[in-house]
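Enquirer: Before anything else, here's the structure in question.
Structure, rendered in structure tokens:
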């Protein structure tokens, strides 16, 4: 996606909100289309972000809500990683206890 020109997007949002949202939508769809293997997941993520923005009422609250979602996902990933590490340790222990032919 190259470099992101924040000032351009800020100016567009302030001067022409309709054009901003149209270009935003096209840009997001283009990015998602460039990743067909993850398109479904990326679309769901974007829908979740858009819903949080609409429901929040203010940009600050939207940011808090979205960061809360990120935190929830990171917590889940942490739990899953711990589960995988326990499974790996169990498999290593099992393999080490087996008599292997020499």
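Numbering (the numbering used here), first residue to last: 666 to 767. Glycine is no exception: its CB is placed at the ideal position from the N, C-alpha and C atoms.
Quick one, are the C-beta atoms of residue 731 and residue 714 less than 8 Å apart?
Expert: Taking 8 Å as the Cβ cut-off, residue 731 and residue 714 qualify as a contacting pair.
Enquirer: Going straight from the alpha carbon of residue 739 to that of residue 703, what length do you get?
Expert: Approximately 19 Å between the Cα atoms of the pair.
Enquirer: Roughly how many whole angstroms lie between the Cα atoms of residue 680 and residue 673?
Expert: Roughly 10 Å separates the two Cα atoms.
Enquirer: If we ignore side chains and look at the alpha-carbon of each, how far apart do residue 685 and residue 723 end up?
Expert: So the alpha carbons of these two residues sit roughly 18 Å apart.
Enquirer: Residue range of the alpha helix (DSSP H) that residue 738 falls in?
Expert: Residue 738 -> alpha helix (DSSP H) spans 724 to 762.
Enquirer: In angstroms with no decimal places, state the Cα-to-Cα distance between residue 719 and residue 748.
Expert: The straight-line gap from Cα to Cα measures roughly 35 Å.
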